[in-house]
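*Asks:* Residue numbers (the working numbering), protein chains in the order written: chain Y, 1 to 530; chain V, 1 to 99.
C-beta atoms are modelled at their ideal positions from N, C-alpha and C, and glycine is treated no differently.
Just passing along the structure, written as structure tokens.
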């Protein structure tokens with residue numbers, strides 16, 4: 001074909017495409033005009049009827065009914081508050097068939113109590129009647145009932161989400177309480193899920209609570225998720241983060257994901273809108289943002305790294321906010337919604353849901369001690385080679401449910417540190433006996449200064465592990481003496497011994513096996529546990 | 001341990017430099033919240049430059065991180081034609097998984 005004729009066809013295509021676009025725009029504009037005109041006509045009609053003929057028949061009947069109701073109620077007065085007895089010991093408890101406080105001819109879409117309870121959010125255009133009805137019909141799953149899950153679940157229950165599922169296998173510990181606001185000192189030792197539901201039921205008994213008292217496993221994730229409209233990731237480990245994201249992609253559920261450590265937090269709404277793997281209109285998943293898990297030895301838990309309560313609390317509250325926004329807008333209804341997981345249909349059929357209403361994804365970074373404290377990052381769309389949500393996805397409902405996807409192996413496993421031989425280590429009890437006999441020996445505590453200040457052994461020298469190699473290089477550590485090194489758990493202390501040996505220490509250098517945790521167990525029960 | 005009360009707010013980079021912000025594990029690894037690095041720098045050179053500055057950082061931190069330039073997510077491998085310019089704000093965002 002000659003160059004000339006190709007050009008001519010190309011320009012015809014371009015011209016036609018432009019005319020189609022113009023016509024579509026004109027049509028859309030006409031439709032808007034028509035909708036406006038119809039609204040105006042309806043209002044004008046109502047108004048003119050009101051001017052001419054007084055109240056329509058229906059209104060008159062309503063008013064008479066209301067008046068007669070008021071008259072008949074006056075003798076009994078307002079109904080007393082009725083406390084509800086919670087149905088303990090049942091997997092699924094909530095929305096007990098309470099004594100209806102409405103008269104039998106109640107004709108409003110929400111119950112009287114709902115108008116009162118949710119009044120402050122109902123009057124906001126962002127929620128309104130439709131938003132509240134969507135919240136009441138929504139089923140939300142919160143995975144993790146800790147620092148994120150407690151505040152997130154509290155605000156979701158408060159807002160009147162219809163069904164709230166909680167997943168967690170842990171029990172409440174006293175060290176949880178500075179941040180996990182749904183638990184209490186009285187409930188230490190109780191399953192977190194039960195403790196949280198006790199709190200939540202006190203907050204709002206009208207929610208249907210479902211308890212899953214075990215950690216989420218790949219074999220059950222799809223089945224559990226399929227019963228919900230939306231999932232919140234409030235867990236604390238990379239393995240669960242990848243698992244939850246994969247299951248959300250396969251089950252077609254939007255995911256509100258947050259995390260927090262020390263003074264920082266992250267928040268992102270993933271898989272929104274949730275589309276079939278390969279559909280580029282779908283929102284990115286966790287793997288699109290973080291395709292590679294962090295090295296296992298770099299993963300720090302809140303127990304190891306520390307966490308400020310309000311930091312993780314803020315992230316959990318923001319998760320609830322994103323969930324409420326998403327549900328009240330009805331985003332979760334515009335999905336591919338059959339009840340079948342999306343990946344079941346592999347025919348590549350393009351779904352025809354409503355136009356996506358979700359804004360382009362952003363990740364919110366919170367850094368409590370930085371300025372600015374909040375940064376919002378414009379995220380990428382789906383990754384073309386994503387293992388979960390792309391056309392080349394390798395993760396399938398079958399591979400997930402069969403348990404053949406090894407999330408633990410994918411994220412890596414940390415082995416206990418054993419750098420030293422037996423002769424380079426000493427047990428806490430041997431050290432206690434020996435220390436009395438060797439007054440010349442030096443005890444170096446390599447915990448950071450913050451921890452050293454909390455509690456320390458008299459006469460010990462604090463050289464934090466982070467600075468240790470530099471301090472040794474500056475020859476600030478005596479290399480001719482016998483040295484014992486101690487830390488919290490006995491890992492950093494082994495590395496410190498290595499550094500001393502490599503620096504040419506001539507004295508005998510040993511680490512205290514198991515650190516202060518073992519010291520407490522073997523020697524001094526009064527050592528503070530933190 | 002880095003001193004969290006000092007220098008957590010990045011200052012404006014000097015002429016011919018960009019600012020790089022370190023979050024979470026990246027801040028722990030560098031013991032800093034930010035650096036100023038000479039610009040322009042091709043995106044593909046970013047990890048190499050940081051690895052030179054902080055040996056071991058690529059494998060231990062960077063490879064699992066999200067990277068942004070002026071608050072836009074960039075794919076260091078797929079968008080290899082991008083160059084970091086003077087005055088840009090780059091961020092190294094490791095995945096935080098605790099909660």
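Please tell me whether residue 146 of chain Y has its Cβ less than 8 Å away from any Cβ of chain V.
*Replies:* To locate residue 146 of chain Y, count along the first chain from 1; it is residue 146. Chain V contact via Cβ: present.
*Asks:* Identify the continuous alpha helix (DSSP H) that holds residue 117 of chain Y and give its terminal residues.
*Replies:* On the first chain, residue 117 of chain Y is found 117 positions in, with the first residue counted as 1. Counting along the chain, the alpha helix (DSSP H) containing residue 117 of chain Y begins and ends at 112–117.
*Asks:* The beta strand (DSSP E) with residue 375 of chain Y in it runs from where to where?
*Replies:* Along the first chain, one-based indexing puts residue 375 of chain Y at 375. Note, residue 375 of chain Y: beta strand (DSSP E), 374–378.
*Asks:* In this structure, how does DSSP classify residue 262 of chain Y when only helix, strand and coil are distinguished?
*Replies:* The count along the first chain starts at 1 and reaches residue 262 of chain Y at position 262. DSSP places residue 262 of chain Y in strand when its eight states are reduced to three.
*Asks:* Taking one C-beta from the segment 268–279 of chain Y and one from the segment 380–395 of chain Y each time, how about it: are there three or more such pairs within less than 8 Å?
*Replies:* Yes, the segment 268–279 of chain Y is in contact with the segment 380–395 of chain Y.
*Asks:* Mind pulling the beta strand (DSSP E) runs of 3 or more residues that sit fully within the segment 24–63 of chain V?
*Replies:* Here the runs fully enclosed are 34–38.
*Asks:* Which residue marks the beginning of the beta strand (DSSP E) containing residue 531 of chain Y, and which one marks its end?
*Replies:* Since the first residue shown for chain Y is 1 and the last is 530, residue 531 of chain Y is missing from the structure and cannot be characterised.
*Asks:* How about residue 231 of chain Y and residue 141 of chain Y: are their beta carbons less than 8 Å apart?
*Replies:* Mapped onto the first chain, residue 231 of chain Y falls at position 231. Mapped onto the first chain, residue 141 of chain Y falls at position 141. Contact flag set, yes.
*Asks:* At a Cβ threshold of 8 Å, is residue 24 of chain V touching chain Y?
*Replies:* Counting from one through the second chain, the residue named residue 24 of chain V turns up at place 24. Output row for residue 24 of chain V: interface = yes.
*Asks:* Determine the DSSP secondary structure at residue 388 of chain Y, reduced to helix, strand or coil.
*Replies:* For the purposes of this step, residue 388 of chain Y is identified with residue 388 of the first chain, where counting begins at 1. Coil.
*Asks:* Where DSSP assigns a beta bridge to residue 139 of chain Y, which residues make up the other side?
*Replies:* Indexing the first chain from 1 puts residue 139 of chain Y at position 139. According to DSSP, which records beta bridges pairwise, residue 139 of chain Y is partnered with Y/163.
*Asks:* If you run the structure through DSSP and keep just helix, strand and coil, what is residue 124 of chain Y?
*Replies:* In the first chain, residue 124 of chain Y corresponds to position 124, counting from 1. Residue 124 of chain Y falls in the coil class under three-state DSSP.
*Asks:* Looking at the strands, I want to know which residues DSSP matches up with residue 366 of chain Y.
*Replies:* Locating residue 366 of chain Y in the first chain gives position 366, counting from the first residue. For residue 366 of chain Y, which the question treats as bridged, DSSP gives the partners Y/265, Y/374.
*Asks:* Any idea what DSSP makes of residue 66 of chain V, helix, strand or coil?
*Replies:* Your numbering for residue 66 of chain V matches position 66 in the second chain. In this structure, residue 66 of chain V counts as strand in the three-state DSSP scheme.
*Asks:* Check the C-beta distance from residue 179 of chain Y over to residue 309 of chain Y and give it rounded, since I have them as a contact under 8 Å.
*Replies:* Here residue 179 of chain Y refers to the residue found at position 179 when the first chain is read from its first residue. Here residue 309 of chain Y refers to the residue found at position 309 when the first chain is read from its first residue. Going by Cβ atoms, the distance from residue 179 of chain Y to residue 309 of chain Y rounds to 4 Å, so yes, they are a contact pair.
*Asks:* For residue 424 of chain Y and residue 496 of chain Y, what's the separation of their Cα atoms in angstroms?
*Replies:* One-based indexing of the first chain puts residue 424 of chain Y at position 424. One-based indexing of the first chain puts residue 496 of chain Y at position 496. About 12 Å.
*Asks:* For residue 247 of chain Y, I'd like the list of residues in its chain whose CB is within less than 6 Å of its CB, leaving aside the five on either flank, ordered along the chain.
*Replies:* Counting from one through the first chain, the residue named residue 247 of chain Y turns up at place 247. For residue 247 of chain Y, where only same-chain residues beyond five positions count, the Cβ hits under 6 Å are 221, 222, 225.
*Asks:* Report the neighbours of residue 81 of chain V on chain Y: residues whose CB is nearer than 7 Å to its CB, in chain order.
*Replies:* The count along the second chain starts at 1 and reaches residue 81 of chain V at position 81. None at all; the shortest Cβ gap to chain Y is about 16 Å.
*Asks:* For residue 100 of chain V and residue 90 of chain V, which I take to be in contact (beta-carbon distance under 8 Å), what is that distance rounded to the nearest angstrom?
*Replies:* Coverage of chain V is limited to positions 1 through 99, which leaves residue 100 of chain V absent and any answer about it impossible.
*Asks:* Which chain Y residues are close to residue 50 of chain V, counting only those with a beta carbon under 9 Å from its beta carbon?
*Replies:* The residue you call residue 50 of chain V lines up with position 50 of the second chain. Those within 9 Å of residue 50 of chain V in chain Y number zero; the least Cβ separation is about 15 Å.
*Asks:* With a threshold of 7 Å on Cβ separation, who are the neighbours of residue 378 of chain Y within its own chain once the five nearest residues in sequence on each side are excluded?
*Replies:* As a working mapping, residue 378 of chain Y is identified with position 378 in the first chain. Closer than 7 Å at the Cβ level, and outside the excluded window around residue 378 of chain Y, lie 360, 362.
*Asks:* Identify, in the order they occur along the chain, each residue of the same chain with its Cβ nearer than 6 Å to the Cβ of residue 258 of chain Y, setting aside the five sequence neighbours on each side.
*Replies:* In the first chain, counting from the first residue as 1, residue 258 of chain Y sits at position 258. The residues are 148, 267, 315, 319.
*Asks:* Report the residues of the segment 54–82 of chain V with a CB closer than 9 Å to any CB of chain Y, ordered along the chain.
*Replies:* Within the segment 54–82 of chain V, the residues whose Cβ lies closer than 9 Å to some Cβ of chain Y are 59, 60, 61, 63, 64, 65, 66, 68, 71, 72, 73, 74, 75, 78, listed in chain order.
*Asks:* Per DSSP, residue 83 of chain V is paired with what?
*Replies:* Locating residue 83 of chain V in the second chain gives position 83, where the first residue counts as 1. DSSP output for residue 83 of chain V lists V/42 as bridge partner(s).
*Asks:* Taking the C-alpha atoms as reference points, what is the distance between residue 47 of chain V and residue 502 of chain Y?
*Replies:* For the purposes of this step, residue 47 of chain V is taken as residue 47 along the second chain, with counting starting at 1. For the purposes of this step, residue 502 of chain Y is taken as residue 502 along the first chain, with counting starting at 1. Using only the alpha carbons, I get a separation of about 30 Å.
*Asks:* Reducing DSSP to helix, strand and coil, say where residue 175 of chain Y ends up.
*Replies:* Walking along the first chain from the start, residue 175 of chain Y turns up at place 175. Looking at residue 175 of chain Y - three-state DSSP - the assignment turns out to be helix.
*Asks:* Within 10 angstroms of the Cβ of residue 273 of chain Y, are there 16 or more other Cβ atoms? Answer buried if so, exposed if not.
*Replies:* If you number the first chain from 1, residue 273 of chain Y lands on position 273. Flag for residue 273 of chain Y reads buried.
*Asks:* Less than 8 Å between the CB atoms is what I'm expecting for residue 504 of chain Y and residue 486 of chain Y, so what's the real figure, rounded?
*Replies:* Here residue 504 of chain Y is taken as the residue at index 504 of the first chain, counted from 1. Here residue 486 of chain Y is taken as the residue at index 486 of the first chain, counted from 1. Not confirmed; about 22 Å, so no contact.
*Asks:* For a quick check, are the C-beta atoms of residue 490 of chain Y and residue 524 of chain Y less than 8 Å apart?
*Replies:* Here residue 490 of chain Y refers to the residue found at position 490 of the first chain. Here residue 524 of chain Y refers to the residue found at position 524 of the first chain. Result no, Cβ atoms of residue 490 of chain Y and residue 524 of chain Y do not sit closer than 8 Å.
*Asks:* Measure the beta-carbon distance from residue 216 of chain Y to residue 255 of chain Y and round it to whole angstroms, keeping in mind my assumption that it falls under 8 Å.
*Replies:* Counting from one through the first chain, the residue named residue 216 of chain Y turns up at place 216. Counting from one through the first chain, the residue named residue 255 of chain Y turns up at place 255. The Cβ separation is near 13 Å, so there is no contact.
*Asks:* Can you find a heavy atom of the ligand NAD that lies under 7 Å from the Cβ of residue 424 of chain Y?
*Replies:* Annotation note on the ligand NAD: not contained in the displayed structure, which lists no ligands.
*Asks:* Taking all protein chains shown into account, do 16 or more other C-beta atoms lie within 10 angstroms of the C-beta of residue 204 of chain Y, making it buried, or fewer, making it exposed?
*Replies:* Position 204 of the first chain, counted from the first residue, corresponds to residue 204 of chain Y. So residue 204 of chain Y ends up on the buried side.
*Asks:* Just to confirm the assignment: which complete beta strand (DSSP E) runs, minimum length 3, are found wholly within the segment 466–522 of chain Y?
*Replies:* Complete beta strand (DSSP E) runs here, min 3: 483–486, 509–512.
*Asks:* Report back the beta-carbon spacing between residue 461 of chain Y and residue 442 of chain Y to the nearest angstrom; my notes put them in contact at under 8 Å.
*Replies:* Locating residue 461 of chain Y in the first chain gives position 461, where the first residue counts as 1. Locating residue 442 of chain Y in the first chain gives position 442, where the first residue counts as 1. The Cβ separation is near 7 Å, so the contact holds.
*Asks:* For residue 212 of chain Y, tell me which candidate among Y/193, Y/229, Y/218 has the shortest Cα-Cα distance.
*Replies:* In the first chain, counting from the first residue as 1, residue 212 of chain Y sits at position 212. Ranking the options by Cα distance to residue 212 of chain Y, first place goes to Y/193.
*Asks:* If you count every other CB in all the chains shown that lies within 10 Å of the CB of residue 7 of chain Y, and 16 or more means buried, which is it?
*Replies:* Start at 1 with the first residue of the first chain, and residue 7 of chain Y comes out as number 7. Exposed is the call here.
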